[in-house]
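K.L.:
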Amino acid sequence: MNELVKDKKVLITGASSGIGKYLAIHVAREGGIPILVARSADRLAIIKEKIEAAFSVPCYWYKADLSNDAEWKDVIDQICYDHGSIDGLINNAGMAVFDLVSEAKWQDIDRMLSINVKSLFRTTHQLLPHFLQQKRGHIVNIASQAGKIATPKSSVYAATKHAVIGFTNGLRMEVESQGVYVTSVNLGPVRTNFFNQADPTGAYEKAVDRFMLDPNKVAAEVVEHLFSQQREINMPGWMNSGSKMYSLAPAFLEKAMERQFNKK
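Just so you know, we're using our numbering here: the sequence shown kicks off at 2 and counts up by one.
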């Protein structure tokens, strides 16, 4: 059991499936207390039941649509009222629709901005004074390698993750001297239902199948670093090396990787 996580209350958004579900399991396995948020009350109720039976720790859940700012603000207020002290925040909720900008639907663009960026800013802004007052806490933002390298059909999604990485880096410098840790998690493709909406054709998922990360392993890595000073978690490592090369020679890499970049 990780003593850094034990008895800590950790708020996890997007917790009804995929990485979020496994984050909840690993937090509980280490003796922490998961507080789960997602739209699916049925799934959250099942996860709570299984976690409490398996790990003998309390688990709480709240239903919320993070694309609705007013609703999400009220739910955060309720969480703070119910639990008082929150020790950690994992901003995991996110979505994508892969499309050319010229063919994209505005409601898809708006929803990506609302969930991937605005709700993350909202949660952090609302909980940050609490962390600063208690002079401790950890904010983990699940970003993406797409936030470092944009590709065709993911222009908007990549922009949202660029925003998350920029926000995370700036915030880290603002609060690091006050006992609050801030970490960005930059992932390649993960084997979850994310692609059901991002690319319903299944073409991109098939093209990157051999590169896909295991959401359980991703969650284990994140929880292993909770409440410790970690600037970034990058998975897979080779993809992060590619993003570093891209920052040095973007035009060359865009040309060299044109076929791969157009897999969506």
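From the three backbone atoms N, C-alpha and C, an ideal C-beta is built for every residue, glycine too.
If you follow the beta strand (DSSP E) that T14 is in, where does it begin and where does it stop?
P.N.:
Element bounds for T14: K10 to T14.
K.L.:
So what does DSSP say about A160, is it helix, strand or coil?
P.N.:
Helix at A160.
K.L.:
Excluding sequence positions up to five away, which residues of its chain have a Cβ less than 7 angstroms from the Cβ of E31?
P.N.:
So the list reads M2, N3, V6, K7 and V224, once near-sequence residues are dropped.
K.L.:
Mind checking A252: buried by the 16 CB within 10 Å criterion, or exposed?
P.N.:
Exposed, by the Cβ-count rule.
K.L.:
Going by C-alpha to C-alpha distance, which of N235, V118 and S244 sits closest to L188?
P.N.:
Nearest option by C-alpha distance: N235.
K.L.:
Who does K64 pair with in a DSSP beta bridge?
P.N.:
For K64, which the question treats as bridged, DSSP gives the partners A39.
K.L.:
Suppose the cutoff is 8 angstroms on Cβ atoms and the five residues either side in sequence are ignored; what does the same chain contact list for I34 look like?
P.N.:
Contacts found: D8, K9, K10, V11, V28, V58, P59, C60 and Y61.
K.L.:
DSSP state of G89, grouped into three classes?
P.N.:
Strand at G89.
K.L.:
Does DSSP classify I140 as helix, strand or coil?
P.N.:
Note: I140 maps to strand in three-state DSSP.
K.L.:
Would you list the one or two residues that DSSP bridges to T184?
P.N.:
T184 pairs with V141.
K.L.:
For I234, which beta-bridge partners are listed by DSSP?
P.N.:
Paired residue(s): V186.
K.L.:
Would you tell me roughly how many angstroms separate the C-alpha atoms of G15 and F212, rounded to the nearest one?
P.N.:
In a straight line, the C-alpha of G15 is about 23 angstroms away from that of F212.
K.L.:
CA-CA distance, L227 and E50?
P.N.:
Straight-line Cα distance between these residues: approximately 24 angstroms.
K.L.:
How would you label V165, buried or exposed, when you count the other beta carbons within 10 angstroms and need 16 or more for buried?
P.N.:
V165 should be labelled buried.
K.L.:
Can the beta-carbon of A208 be found closer than 9 angstroms to that of K264?
P.N.:
Cβ atoms of A208 and K264: closer than 9 angstroms.
K.L.:
Let me check one thing: in DSSP terms, what residues is I34 bridge-paired to?
P.N.:
DSSP lists K10 as partners of I34.
K.L.:
Give the DSSP-derived three-state secondary structure of V209 in the structure shown.
P.N.:
Correct three-state label for V209: coil.
K.L.:
For L128, which three-state DSSP category applies?
P.N.:
Looking at L128 - three-state DSSP - the assignment turns out to be helix.
K.L.:
Per DSSP, what are the beta-bridge partners of V191 in this structure?
P.N.:
In the DSSP output, where bridge partners are listed per residue, V191 has L214.
K.L.:
Reducing DSSP to helix, strand and coil, say where S242 ends up.
P.N.:
Reduced to three states, the DSSP call for S242 is helix.
K.L.:
By a C-beta neighbour count over all protein chains shown, 10 Å radius and 16 as the cutoff for buried, is W107 buried or exposed?
P.N.:
Under this definition W107 is an exposed residue.
K.L.:
Would you give the residue range spanned by the alpha helix (DSSP H) that H84 belongs to?
P.N.:
D70 to H84 is the span of the alpha helix (DSSP H), which, as asked, contains H84.
K.L.:
What three-state label does DSSP hand F262 in the structure shown?
P.N.:
Helix at F262.
K.L.:
For the alpha helix (DSSP H) holding Q108, just list the boundary residues, first then last.
P.N.:
Where Q108 is concerned, the enclosing alpha helix (DSSP H) stretches over W107 to M113.
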